[in-house]
Amino acid sequence: MAATRKKSSSKTRRSFGLKLWQKRLIAGFLTLLALLVMISLLFGWESILNDKDHLSLRGNLFRWPFLRGAQVDNPIGVFGVAVGYGVSYLFGYHFSLIAAILTGIISFLYFLEPLAQRKRQKFYLLLIAAFLLQVWLARNIVQPELAVIPKAFWIGLSAVFNTFGATLLLVLGSVFALILFLDYRRLKDFFARLWGELTQGREAAPKKEKAAKPTINKDIPVQPVPQPVIQNHSQDGKQEFPDKPLEDTTPDLKPTTVERKKPPASSPETLPDEEREYVMPSIADFLESPVKLSDRDRKEIENQILGTSQVLKDKLAEFGIEAEVRNVNIGPIITQYELEPAKGVKVSKFTSLADDLALAIKAKSIRVQAPIPGRGLIGIEIPNLTRDMIYLRDLLLSEEIRSMDSKLAFGLGKDIAGRPVVTDLAKMPHLLIAGATGSGKSVCINAIIMSFILRSKPDELRLILIDPKRVELACYNNLPHLIGNVVTEPEQALENMYWAVREMEHRYELLQEARVRDIGSYNEKAERDPDLEKLPYIVIIVDEFADLILTSGKDIEVPITRLAQMARAVGIHLILATQRPSIKVITGIIKANFSARIAFQVSSRVDSRVILDQIGAERLLGSGDMLFLPPGKALTERIHGAFVSDQEIARVCDFLAMQPKPKQDFSITTEEDGETGDFDYDDELFPEAARVVVSANTASVSMLQRHFRIGYARAGRLIDLLERARVIGPHLGSKSRDVLATREDLIQRGILREE
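In my numbering, each residue carries its 1-based index in the sequence shown increased by 146.
Structure below.
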């Protein structure tokens, strides 16, 4: 691909070596010439023949320009007679007139907008269609002085394909050119609407006659079948839940329709959660990608890039820098121009001219990558005049993410070349997101959450969402993936973090007893061993980390640091986001444990260094434009983030809210009940668990699982309750927990009854 672009760029330099004002001068001359030819042909072929015969009596063609006092009817004079006769002799009178008009229009458009090639392409198609029709009409022209070239084409085609075949080729070629001129997509939509109205008219009569029969109404939900047009998916998604149109039109058949169209919606009324099966939402049905750049838009962008390459080269030359454009990477939002500097040119000259180049090219912002690692070239990233939208639907349906088995894979966006970028949170294992207000952080978080819940079941992935701003993540409150509700208070957030630390310790006990190294190996062993229960991944997402730092201070940093250092092996991961990239928020401890970072647009170089330890984020465009620092790498990748709308999020959340709740019910407990007085517990097995632990003088999650034949979540909660009741001590790494109470203590506290 690179070789192809190099070749095309070299051709561009040879063909378009003229400067812009020279091209416009030539276009103006061609416009004037086409106007003169058109006027000379307007008076008809007979007038041109009469003038030609009159001039022929006074000399041959080469003497016509030197004749004085020659009386001709053509308003352009001798020039008009000569040119009009010449073009009519070669191409035919009618085609020559049409070609003169179209050539004038094309030249005039080029004079006005040299880079807008898309506006001129339609007239090229008309020119081709007119020539093909002229060739077809040339078969009936008997005058030897007309349409020599079309006649030659007709003779050649009819000799090869016969008269019928040649006629078919010419007529179909003209029709295809006219269809492209009229925009075949609009024609397709027009005929589709026309066909839909005709088919609906045919079906209206039988439906009215059989409206009382339920067999006809069963097909009503199937009627709006979604075609490849993506916009219909949103309509289906909205109709799928309330079913109000069906209730209003056919109220007597509502139970039948609901049962047929969406069995998950009616099942909560009839079946308990234990007997229902979780239904994964369809990505193609719930997500949209309505607005796309057409091929003509992309072609126009490519034509604009050719002009920008020349302008870029000229402006660098004005600053005394010689460089050649060797390659161009066209992306959805920006285009990267790869320049090869001449010998003796310092790299620092390019970086210092970023603002000057932005002023010259009239760009919002320009980012200079000097040099491109491993290429020996300078990269200059310039925003496109027409931006292409990037939708989460396209990423989740791409082969890149389908080939990943990880439940923590998510779509991030597209790179500068337009390739989908998907990554895996399990490999990071934690992610830090920072940027200014309105730069795209919340949309990025929504895209990550939607990637998780659309690809994973609640028994595979659980979420803890912390939203101090109260409004950003409120729509996810009824998700079955959630542990508890969306946390909005700083005190609750701190309790959730400490609960995650205790959960991490419980899981390490399980891994130690199972003699495995990580959660993946444990889950594989649990599939073979019926006594073990698979552990879901837990992802903790904080939308505004700075508010927690300001309210809780160092208290919140302690559990976050422990989780960031140790929680990867047991499947607990953190995603922190903030709009205040300062050293008071993103401390050295946080940066040391969050090697994967995303920086959106920031206001200064200082903020960019705080996030990424390098500059560059201050020159981003906003609206999802980001720099991604992968774990273990020192070089950032520029990515344009995926967009997911609030309507798509609401549809998915409404659908998932009707799904059965997971069997593992995690309960986040607080430390307020940790005193040795009266202790309230919500599990009937707690007294018996305390007796078993005291009698055995040891405590672990797996021991309670085997003794009571319960799941991991309930056994871990019992261990947590025993620790808060001061029956057992805290987790001590590889050592077993200490048993702090005796049987007499349990009786004295009222946990056990005296026999």
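Even for Gly, the Cβ is constructed at its ideal location relative to N, Cα and C.
C-beta neighbour in chain D for residue i, strict 8 Å
| i | result |
| --- | --- |
| Q805 | No chain D is present in this structure, which holds just one protein chain. |
N- and C-terminal bounds of the alpha helix (DSSP H) containing residue i
| i | result |
| --- | --- |
| L657 | P636 to A660 |
| Y239 | Y239 to L258 |
| I665 | I665 to R674 |
| L628 | Where L628 is concerned, there is no enclosing alpha helix (DSSP H), given that its DSSP letter is neither H nor E. |
| F465 | First-last for F465: undefined, no H or E at that position. |
| K297 | V294 to F327 |
| G862 | Y858 to R870 |
| A692 | F691 to S698 |
| I874 | Segment: none, I874 is in no alpha helix (DSSP H) and carries neither H nor E. |
| D142 | The structure shown does not extend to residue 142, since the chain is modelled only from 147 to 901, so the question has no answer here. |
| S97 | Residue 97 lies beyond the range of the chain shown here (147 to 901); nothing can be said about it. |
| D431 | I429 to F432 |
C-beta atoms of residue i and residue j nearer than 8 Å
| i | j | result |
| --- | --- | --- |
| V493 | P517 | yes |
| L292 | L303 | no |
| L248 | V294 | no |
| T481 | V471 | no |
| V589 | D613 | no |
| L538 | A788 | yes |
| K198 | Y239 | no |
| L628 | L611 | yes |
| P808 | D605 | yes |
| A780 | F812 | no |
| A710 | H576 | yes |
| V321 | W300 | no |
| M643 | I702 | yes |
| I665 | A715 | yes |
| P275 | A245 | In the sequence on display, residue 275 carries Ala and not Pro. No, they are not a contact pair. |
| V847 | A861 | yes |
| Q118 | S754 | The requested residue 118 does not occur in the structure, where the chain is confined to residues 147 to 901. |
| L505 | Y483 | no |
| S253 | T177 | yes |
| I536 | P478 | yes |
| L767 | D829 | no |
| L640 | S698 | yes |
| R870 | D677 | no |
| I447 | I467 | no |
Beta-carbon contacts of residue i that lie in its chain and below 7 Å, excluding the five residues immediately before and after
| i | result |
| --- | --- |
| Y668 | L656, L657, A660, V662 and L681 |
| K268 | F327 |
| S242 | L187, V233 and S234 |
| I429 | R539, L542, L543 and L600 |
| I874 | V839, A845, L868, R883, D884, V885 and L886 |
| S435 | I376, Y537, R539 and D540 |
| G717 | I665, L681, Y683 and I684 |
| A357 | Low per-residue confidence applies at A357: pLDDT is 37, beneath 50, and the placement is therefore not dependable enough to give any value. |
Cβ-based neighbour list, residue i, same chain, cut-off 6 Å, excluding 5 preceding and 5 following
| i | result |
| --- | --- |
| I897 | P833 and A836 |
| A469 | L462, L485 and P487 |
| V218 | D197 and V227 |
| V685 | L609 and H719 |
Continuous beta strand (DSSP E) stretch holding residue i: start and end
| i | result |
| --- | --- |
| R889 | Unbroken run through R889 is the alpha helix (DSSP H), R889 to R895; no beta strand (DSSP E). |
| Y683 | Y683 to V688 |
| Q515 | R513 to Q515 |
| V474 | A469 to I476 |
| R422 | No beta strand (DSSP E) holds R422; DSSP gives it neither H nor E. |
| R743 | A742 to A745 |
| L611 | L607 to I612 |
Residue i beta carbon near the ligand NAP (any heavy atom closer than 7 Å)
| i | result |
| --- | --- |
| R872 | The ligand NAP is not part of this structure, which contains no ligands at all. |
Cβ neighbours of residue i in the same chain (closer than 8 Å, five flanking residues each side left out)
| i | result |
| --- | --- |
| I591 | I579, E618, L619, I687, D689, I721 and A723 |
| N220 | S186, F189, S193, I194, D197, G226, V227 and G230 |
| L182 | I222, F225, G226 and V229 |
| F465 | K495, L499 and D502 |
For the pair the stretch 538-545 and the stretch 554-561, tell me if three or more CB-CB distances fall below 8 Å. Because the criterion of three Cβ pairs below 8 Å is met, the stretch 538-545 and the stretch 554-561 touch.
Any chance you could list the beta strand (DSSP E) runs of at least 3 consecutive residues sitting entirely within the stretch 555-600, in chain order? 555-561, 566-570 and 577-580
Those runs of the alpha helix (DSSP H) which lie wholly inside the stretch 707-737 and span at least 4 residues: none
State whether the stretch 525-541 contacts the stretch 571-585, with contact taken as three or more CB pairs (one from each stretch) at a distance under 8 Å. no
Which ranges would you report for the alpha helix (DSSP H) in the stretch 756-837 if only whole runs of at least 4 residues count? 792-803
Would you mind listing the beta strand (DSSP E) stretches within the stretch 473-553 that are 3+ residues and don't spill past its ends, in chain order? 480-487, 513-515 and 524-529
If contact is defined by three or more beta carbon pairs under 8 Å, each pair taking one atom from either stretch, is the stretch 735-748 in contact with the stretch 766-778? yes
Would you check if there are 3 or more beta carbon pairs closer than 8 Å linking the stretch 782-797 to the stretch 559-569? yes
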